[in-house]
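Take the sequence shown: its letters are residues 1 to 108, numbered as in the working numbering. Structure first, then comments.
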Amino acid sequence: MVTFKSKAGRDVDYHTNVGLQLLKMMGRDTKLPSAMFADDVPEALARLQQALARLAEDEAPEAEQAAAKTSDNEDEDKPERVSLSVRAEPLLKLLHQAQEANVGLMWE
Numbered sequence: 001m002v003t004f005k006s007k008a009g010r011d012v013d014y015h016t017n018v019g020l021q022l023l024k025m026m027g028r029d030t031k032l033p034s035a036m037f038a039d040d041v042p043e044a045l046a047r048l049q050q051a052l053a054r055l056a057e058d059e060a061p062e063a064e065q066a067a068a069k070t071s072d073n074e075d076e077d078k079p080e081r082v083s084l085s086v087r088a089e090p091l092l093k094l095l096h097q098a099q100e101a102n103v104g105l106m107w108e
């Protein structure tokens, strides 16, 4: 597990593979534990938002194809895949809170 912590909000937990992927998207190394200063939060937030936007653009055609296949096979009880953009929402919220409060972020 990777847990993101800040004085600005609640802790956010991710499975290791997702947490490390989000760290890379923020332009951080994957060293655990680690942290960033308050001054580094806005850049990390911007990088994460940009990376998620690029990922959404890349995944759009695949999502349309998957939706078409699902409508053809409605009897299947497969759980839907949760996109990384959706998974990143709690971390984005924590980064926004940290930016507003001018405090850092740590992860372990």
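Just so it is clear, CB atoms sit at the ideal spot from N, CA and C, and this is done for glycine as well.
### G19 (DSSP reduced to helix, strand or coil)
helix
### Message
L23 and L95 - do their beta-carbons sit closer together than 8 Å?
### Response
no
### Task
Label F4 either buried or exposed according to how many other C-beta atoms from any shown protein chain fall within 10 Å of its C-beta, with 16 as the threshold for buried.
A buried status is given to F4, since no fewer than 16 other beta-carbon atoms sit within 10 Å of its beta-carbon.
### Task
Put S83 into one of helix, strand or coil per three-state DSSP.
coil
### Task
Just the C-alpha distance for L105 and K7, rounded to the nearest angstrom, thanks.
8 Å
### Message
Using 8 Å as the threshold, is the C-beta distance between V41 and A88 below it?
### Response
no
### Task
Report, in whole angstroms, the separation of the C-beta atoms of A38 and V86, which I expect to be a contact under 8 Å.
About 27 Å separates the two Cβ atoms, so there is no contact after all.
#### Entry: Whole runs of the beta strand (DSSP E) within the region 27-54, excluding any shorter than 3 residues
34-36
### Query
If you draw a straight line from the alpha carbon of L84 to that of M36, how long is it in whole angstroms?
22 Å
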